[in-house]
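For reference, the structure is listed below as structure tokens.
Residue numbers (this note's numbering): 3 to 284.
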């Protein structure tokens, strides 16, 4: 029962990243770069604190740290910029689809040859992304937001792939957040526009609670979940974000978004789950 509740809370936390970012940036409470910087700062503080409390060290040296920090920066900036124009639910759906398809493609090229079932699933998910990304006439802002979120998805996919071999993923994540800070700080001086108290508070919540604590909880339950189960439960994140966006932010829940979400979730679910054999079903 504890595993169920912790896993559910973690998925809600991941989906809340989109809600909090949209709440802060779309009304102009804070500019995207400042939001990303404060989010990373709050996340680094919480994650480093947790690592040190466990008696471990924060590994800040090595080639893996540079790759992790740069890909994390790409994700953070793209994610924040995208929510100038994108709805929270649509942004989460694009991010999720791009990350999963990118990781699938990487695995197909550098790992195991995909099965027909996996190829079909990836194709269905890609079709869902096409539906989600199909621009409305004259919607140039939506195109920019979608492009930014695609960059964020590619950054997070690279971050995830580079961190698969980490012996202590929580410590590695803390280190990546820490090293990401000076990069974002330089960009903040160049592009800072505004940051109100509400915007700063939302960025802190996003960094410490839904990002930092969310990642810490995820790494705590991951050893107890089968790989296929861990992949499937993440399918709930864009759905939670879409529903929360409609309820909390009064975002439109259109037929296009519903169809796109169904295709992406169904396609990735098909790709990451194994077909049971007759012996398994008996």
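A virtual CB, placed ideally from N, CA and C, is assigned to each residue, including glycine.
Identity of the residue in the options nearest residue i by Cα
i	options	result
residue 15	151, 216, 74, 210	216
residue 254	92, 42, 20, 187	92
residue 69	157, 116, 39	157
residue 112	163, 77, 94	163
residue 60	98, 198, 169	169
residue 41	257, 258, 202, 119	202
residue 43	211, 106, 244	211
residue 121	245, 104, 72	104
residue 49	188, 275, 180, 159	180
residue 29	204, 159, 274	204
residue 146	89, 245, 51, 62	89
residue 275	63, 259, 56, 116	116
Cβ distance (whole Å) where residue i is taken to contact residue j below 8 angstroms
i	j	result
residue 233	residue 224	Rounded, the Cβ-Cβ distance is 11 angstroms, inconsistent with contact.
residue 58	residue 173	5 angstroms
residue 152	residue 206	About 27 angstroms; that fails the 8 angstroms criterion.
residue 272	residue 119	6 angstroms
residue 24	residue 251	6 angstroms
Neighbourhood of residue i by C-beta distance below 7 angstroms, restricted to the same chain and skipping five residues each side
i	result
residue 242	13, 14, 17
residue 270	102, 123, 127, 237
residue 280	The predicted position of residue 280 is uncertain, since its pLDDT is 49 and thus under 50; a value taken from the coordinates is nonetheless stated next. So the list is empty, once near-sequence residues are dropped.
residue 171	165, 221
residue 75	182, 185, 186
residue 6	none
residue 213	19, 41, 45
residue 39	186, 187, 190
residue 66	164
residue 286	This structure cannot speak to residue 286, because the chain is shown only from 3 to 284.
residue 110	116
residue 167	none
residue 62	177, 180, 181
residue 3	none
Same chain, Cβ closer than 8 angstroms to residue i, neighbours up to 5 away in sequence not counted
i	result
residue 8	219, 222, 223
residue 283	Only weak support exists for where residue 283 lies, its pLDDT of 45 falling under 50; the coordinates are left without a value.
residue 261	130, 133
residue 258	133, 134, 136
Short CB-CB distance (under 7 angstroms) between residue i and chain B
i	result
residue 80	This model lacks chain B altogether, as it is built from one protein chain only.
Check whether residue i and residue j have beta carbons under 7 angstroms apart
i	j	result
residue 27	residue 85	yes
residue 150	residue 247	no
residue 176	residue 53	yes
residue 77	residue 154	yes
residue 98	residue 240	yes
residue 178	residue 94	no
residue 144	residue 107	no
Contacting residues, own chain, Cβ-Cβ under 6 angstroms from residue i (five flanking each side not counted)
i	result
residue 196	33
residue 83	34, 150
residue 267	237
residue 200	31
residue 265	126, 129, 130
residue 160	73
residue 135	148
residue 198	31
Suppose only complete runs of 4+ residues qualify. What are the alpha helix (DSSP H) ranges in the stretch 195-219, listed by chain order?
199-206
Alpha helix (DSSP H) runs contained entirely in the stretch 40-67, provided each spans 4 or more residues
none
Length-filtered (3 minimum) beta strand (DSSP E) runs lying within the stretch 127-183:
Listed in chain order, nothing qualifies, since the stretch 127-183 has no complete beta strand (DSSP E) run of 3 or more residues.
Which complete beta strand (DSSP E) runs does the stretch 63-118 hold, if anything under 3 residues is left out?
none
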